[in-house]
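Asker:
In full-length UniProt numbering, the protein residues as written are 1 to 206.
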């Protein structure tokens, strides 16, 4: 499906049929719908930019930071991931270039900023308490998700949202996302609003 058609579909009031065409499960569509509107946000884990496009169309942020190293990780731990040794660095470089081309208009207008770096560095460089939301779908290891959650808590404003994908037993990450999210839920600075399917959704309360 081409990008123009996807953007057109995202303007239709939410319905299961629209979600199915876009390849979005109901829970992920709910996460999109619940994102703060016209704020400043960050997406950790961009891949080819499909969900980035959905965020832009639905949440209409005035600024969106796209964070992804587009790097091939050769360690055995990442072997079955989209960024593991099933692909080479040339493929990752091509994905990065395609994302920049896909969003060149928004980048030129300052609505988007692409950060080609690991989240601990790229997100870490953003001002504390400056974001309205962070969507986490990057490094799925326990340590990776734990770090993204903790750093997001510093960067999101009180009342802002920390949400993400792949909660559950998982695939190659062997439940690392679920473990990190469950532990994060004990933090008194956040309130877990809901978990549905593979999506989790927190609000920063203090």
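Virtual Cβ for every residue (Gly too), placed ideally from N, Cα, C. As the structure is a prediction and not an experimental result, all values here were calculated from the model.
Let me know the beta strand (DSSP E) ranges lying completely inside the stretch 42-113, each 3 residues or longer, listed in chain order.
Answerer: 63-67
Asker: From residue 148 to residue 33, what does the alpha carbon distance come to, in whole angstroms?
Answerer: Against the chain shown, residue 148 aligns to sequence position 148. Against the chain shown, residue 33 aligns to sequence position 33. Answer to the nearest angstrom: the Cα atoms are 22 Å apart.
Asker: Could you tell me if residue 188 is buried or exposed, where buried requires 16 or more neighbouring beta carbons within 10 angstroms of its beta carbon?
Answerer: Numbered from its first residue, the chain shown carries residue 188 at position 188. Label assigned to residue 188: exposed.
Asker: Tell me whether the beta-carbon of residue 198 lies closer than 7 Å to the beta-carbon of residue 168.
Answerer: By one-based count along the chain shown, residue 198 stands at place 198. By one-based count along the chain shown, residue 168 stands at place 168. Contact flag set, yes.
Asker: Skipping 5 residues on each side, what residues in its chain have a beta carbon closer than 7 Å to that of residue 31?
Answerer: Taking the chain shown and counting its residues from 1, the one referred to as residue 31 is at position 31. Correct list, in chain order: 163, 199 and 201.
Asker: To the nearest angstrom, how far is the alpha carbon of residue 129 from that of residue 59?
Answerer: Locating residue 129 in the chain shown gives position 129, where the first residue counts as 1. Locating residue 59 in the chain shown gives position 59, where the first residue counts as 1. Cα to Cα, residue 129 sits roughly 19 Å from residue 59.
Asker: Take residue 176 and list the residues in its own chain whose beta-carbon comes closer than 7 Å to its own, dropping the five residues that flank it on each side.
Answerer: The residue given as residue 176 occupies position 176 in the chain shown. Excluding sequence neighbours, residue 176 sits near 140, 141, 142, 145 and 170.
Asker: Using a threshold of 7 Å, state whether the C-beta atoms of residue 193 and residue 133 are closer than that.
Answerer: On the chain shown, position 193 is the one that residue 193 refers to. On the chain shown, position 133 is the one that residue 133 refers to. The answer is no: Cβ separation not under 7 Å.
Asker: Just reading off the alpha helix (DSSP H) that residue 179 is part of, what are its end residues?
Answerer: Your numbering for residue 179 matches position 179 in the chain shown. Counted as a single uninterrupted DSSP element, the alpha helix (DSSP H) harbouring residue 179 occupies residues 176-184.
Asker: Short of 7 Å in beta carbon distance, which residues of its chain neighbour residue 120, apart from the five on each side in sequence? Order them along the chain.
Answerer: As a first step, residue 120 is located in the chain shown; it is residue number 120 there, counting from the start. Same-chain partners within the cutoff: 147 and 151.
Asker: Tell me the rounded alpha-carbon separation between residue 185 and residue 89.
Answerer: On the chain shown, residue 185 is found 185 positions in, with the first residue counted as 1. On the chain shown, residue 89 is found 89 positions in, with the first residue counted as 1. Cα to Cα, the separation comes out at about 36 Å.
Asker: Compare the beta carbon distance of residue 96 and residue 116 with 7 Å and say whether it is the shorter of the two.
Answerer: On the chain shown, residue 96 is found 96 positions in, with the first residue counted as 1. On the chain shown, residue 116 is found 116 positions in, with the first residue counted as 1. Result yes, Cβ atoms of residue 96 and residue 116 sit closer than 7 Å.
Asker: Please classify residue 126: does DSSP put it in a helix, a strand, or coil?
Answerer: If you number the chain shown from 1, residue 126 lands on position 126. If DSSP states are grouped into helix, strand and coil, residue 126 belongs with coil.
Asker: Out of 63, 67, 138 and 94, point me to the one whose CA is closest to residue 111's CA.
Answerer: Your numbering for residue 111 matches position 111 in the chain shown. When each option's Cα is compared against that of residue 111, the closest is 63.
Asker: What does the alpha-carbon distance come out to for the pair residue 127 and residue 70?
Answerer: Reading the chain shown from its first residue, position 127 is the one you call residue 127. Reading the chain shown from its first residue, position 70 is the one you call residue 70. For the pair residue 127 and residue 70, the Cα-to-Cα distance works out to about 23 Å.
Asker: At the level of alpha carbons, what is the spacing between residue 205 and residue 159?
Answerer: Numbered from its first residue, the chain shown carries residue 205 at position 205. Numbered from its first residue, the chain shown carries residue 159 at position 159. Taking the straight line from one Cα to the other gives about 6 Å.
Asker: Rank 123, 92 and 66 by C-alpha distance to the C-alpha of residue 73 and give the top, closest one.
Answerer: Taking the chain shown and counting its residues from 1, one reaches residue 73 at position 73. Ranking 123, 92 and 66 by Cα distance to residue 73 puts 92 first.
Asker: Could you work out which residue in 42, 191, 166 and 100 is closest to residue 124 when comparing CA atoms only?
Answerer: Along the chain shown, one-based indexing puts residue 124 at 124. Considering only alpha carbons, the answer is 42.
Asker: Roughly how many angstroms separate the alpha carbons of residue 46 and residue 66, rounded to a whole number?
Answerer: Against the chain shown, residue 46 aligns to sequence position 46. Against the chain shown, residue 66 aligns to sequence position 66. Roughly 6 Å separates the two Cα atoms.
Asker: Report the three-state DSSP secondary structure of residue 38 (helix, strand or coil).
Answerer: Reading the chain shown from its first residue, position 38 is the one you call residue 38. If DSSP states are grouped into helix, strand and coil, residue 38 belongs with coil.
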